[in-house]
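Undergrad: Protein chains in written order, with this note's numbering: chain U, 27 to 397; chain X, 10 to 249.
C-beta: ideal position from N, C-alpha, C; glycine also.
Shown next as structure tokens:
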């Protein structure tokens, strides 16, 4: 018999209580995992945008609550292109519009030369060229959703566009949306003369960080974003989700710890005499402590596994909603499960401290006399 | 036997309860030689179980010294180590863990002495063989008779090969046949392993199996007698 098997036997003998405690903690872990996966996936999807067209970084309006609210003037875009070591700058206007049941259809307004320079991978048709109007290339998923092929006409907000090409992309927003001439999208979005963000490619050999710093110094109203860690500069939503995730994790720890504490206190209380016997046959207080904490940790590790599995299922259930599916591709990052594990371990330790010390403080004779 | 070294030496041991109102032990002096079997007898409440619990380091005396196998328990900080290595305890109730098999119960004390899982299994098997319960190693306590449970308890008490076995009314709840078997087993352990046995009982027939009988009354040792013609160590060690 190993020490671990003794711990397992102690948990198994109160199956119902152990099961209910595991379930209770699992629900907290499920929330942590589901929200973690959603946040992680949203960030990953957002992160793909930062390097549209192979850009080194994105430039957007400082302090924007959401990237789609960001405004960068075409004049600034032109000035950005004059910054030393900048090879190319492309301004793109993002316009999110409702198509059928999808309220988040992504429309990108681009200049013809920018599109020609960094085009998505065409699978059918062609790109629209300079001077084109009311033409669009659609992502593969968008074309399938709309049931549109090359030569068909699709209408956005009452404005008809001729589909001239269909492309594929590894970027969710691209393959679920489309690109049309910048002027058409500016007119549709009533944002003449502005874009949402500028995408900057630096000259070969130049330091992107140095160029970004120079841009921030020269354009006080703009921020540069090179990786997802900086995305909060222009999107409070992700920051909010992060905060909510931490908040829910803390709540899960609190609620879970109380559950574990209740279970372990009951368990220690019921086993007072047994603990006395263990002390009488020579077990040290430290070993009793290890046994009680071991039981709590095992309980919570089981809950972490169950909760993680339920969290994955919950995420898949969330993705059955069309709206959500267009916003994110689930990414089950290791950090999400590491957080779930951390929550479980903290729950176990916090929940076990009191009952463990209570059991250690029991005098052997007092425990042996307990009926 | 008198040539053997002292293994338990209690001097002027006092133990009180309820803020001193109950004087369980009142200046007890007792010396037990290695390999000796001592029976402690007396009426209920005379302090015989308290005496045993102090030797087992389950409790500390208020005053006096208790030296067990060279360790002074009144100053020893790590009493758990003493319980794990120096003494084996057998209670009136077997006090086995009901969810564990006989073999697993025997293994429980061994966690404290650093044996591997295989060594623990092997030693438990040997000890169950010693108490003639090899066939019951996978049985849990509720599946065993009272006598079998008590034999498992003896095997558990011997798990860490302690030099001293402390038994508190080990036959108190057994029928006479089972009780005799337990006593025969203890006698065999004393003879073959040189085990020192201190046994608390209120049954004269049980006490008669010991080398020496120590009588207690009101927390004091009032009389001692040898049950064998050979001299018993330190016959004058009884208080008063």
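#1: Can you say whether residue 240 of chain X is buried or exposed, counting buried as having 16 or more other CB atoms within 10 angstroms of its CB?
#2: To the nearest angstrom, how far is the alpha carbon of residue 167 of chain U from that of residue 91 of chain U?
#3: At a cut of 8 Å, does the segment 296-307 of chain U reach the segment 228-241 of chain U through at least three beta carbon pairs?
#4: Whose C-alpha, out of U:282, U:27, U:203, is nearest the C-alpha of residue 46 of chain U?
#5: Look at the Cβ atom of residue 215 of chain U, then the Cβ atom of residue 162 of chain U, and state whether they are nearer than 7 Å.
#6: Residue 150 of chain X CB to nearest chain U CB: under 7 Å?
#7: Tell me whether residue 132 of chain X is buried or exposed, calling it buried when 16 or more other Cβ atoms sit within 10 Å of its Cβ.
#8: Leaving out five residues before and five after residue 350 of chain U in sequence, what residues of the same chain have Cβ atoms less than 6 Å from its Cβ?
#9: Just list the alpha helix (DSSP H) runs in the segment 325-375 of chain U, keeping only unbroken ones of 4 residues or longer that don't cross its boundaries, in chain order.
#10: Quick one: does residue 117 of chain X have its CB under 7 Å from some CB of chain U?
#11: Since residue 84 of chain U sits in a beta bridge, which residues does DSSP pair it with?
#12: According to a CB-to-CB cut-off of less than 8 Å, which residues of the segment 263-294 of chain U neighbour chain X?
#13: For the alpha helix (DSSP H) containing residue 2 of chain U, name the first residue and the last one.
#14: Looking at chain U, which residues of the segment 52-84 of chain X have a Cβ within less than 8 Å of any of its Cβ atoms?
#15: Should residue 103 of chain U be labelled buried (16 or more other beta-carbon atoms within 10 Å of its own) or exposed?
#16: Compare the C-beta of residue 52 of chain U with all C-beta atoms of chain X and state if any pair is closer than 7 Å.
#17: Name the one or two DSSP bridge partners that residue 233 of chain X has.
#18: Please look up how many angstroms separate the CB atoms of residue 112 of chain U and residue 224 of chain U, rounded, as I've assumed it's under 8 Å.
#19: Who are the Cβ neighbours of residue 155 of chain U in its own chain at under 8 Å, not counting the five residues just before and after it?
#20: Whole angstroms is fine: what's the gap from residue 148 of chain X's alpha carbon to residue 208 of chain X's?
#21: With a floor of 3 residues, list each beta strand (DSSP E) that falls wholly inside the segment 95-172 of chain U, ordered by position along the chain.
#22: Based on the DSSP output, what are the partners of residue 185 of chain U in its beta bridges?
#23: Alpha carbon to alpha carbon, how far is residue 342 of chain U from residue 388 of chain U? Give it in angstroms, no decimals.
#24: Hey, would you say residue 358 of chain U sits closer than 7 Å to residue 64 of chain U, going by beta carbons?
#25: Throw me the rounded Cβ distance for the residue 201 of chain U and residue 210 of chain U pair, which I believe falls under 8 Å.
#26: For residue 19 of chain X, which residues does DSSP report across the bridge?
#27: Here's the rule I'm using: 16 or more other beta-carbon atoms within 10 Å means buried, otherwise exposed. How should residue 29 of chain U be labelled?
#28: What residues of chain U sit near residue 108 of chain X, judged by a beta carbon separation below 7 Å?
#29: Is residue 231 of chain U helix, strand or coil when you go by DSSP?
#30: Count the CB pairs spanning the segment 358-368 of chain U and the segment 49-68 of chain U that are closer than 8 Å, and state whether there are at least three.
#31: Who are the neighbours of residue 310 of chain U on chain X, taking C-beta pairs under 7 Å?
#32: Nearest by alpha-carbon distance to residue 15 of chain X: which of X:76, X:123, X:190, X:235 is it?
#33: Please confirm if the segment 106-126 of chain X is in contact with the segment 61-70 of chain X, defined as three or more CB-CB distances below 8 Å between the two stretches.
#34: Since residue 285 of chain U and residue 80 of chain U are thought to touch, with beta carbons under 8 Å apart, how far apart are those beta carbons, to the nearest angstrom?
#35: Residues in its own chain within less than 6 Å of residue 160 of chain X by CB, not counting five upstream and five downstream?
#36: Pick helix, strand or coil for residue 147 of chain X, following the three-state DSSP scheme.
TA: Here's the rundown:
#1: With a pLDDT of 46 at residue 240 of chain X, under the threshold of 50, the modelled position of that residue is not reliable, and the figure given next carries that caveat. So residue 240 of chain X ends up on the exposed side.
#2: 28 Å
#3: no
#4: U:282
#5: no
#6: no
#7: buried
#8: 344
#9: 348-353
#10: yes
#11: U:225, U:251
#12: none
#13: What the structure shows of chain U is the stretch from 27 to 397, and residue 2 of chain U is not part of that stretch, so it cannot be assessed.
#14: 62, 65, 67, 68
#15: buried
#16: no
#17: X:223
#18: Contact doesn't hold; Cβ gap of about 10 Å is too wide.
#19: 138, 142
#20: 27 Å
#21: 112-125, 128-136, 147-151, 161-165
#22: U:182
#23: 48 Å
#24: no
#25: Their Cβ separation, rounded to whole angstroms, is 20 Å, which puts residue 201 of chain U and residue 210 of chain U out of contact at 8 Å.
#26: X:39, X:75
#27: exposed
#28: 35, 39
#29: coil
#30: yes
#31: 89, 121
#32: X:76
#33: no
#34: Going by Cβ atoms, the distance from residue 285 of chain U to residue 80 of chain U rounds to 51 Å, so no, they are not a contact pair.
#35: 140, 142
#36: coil
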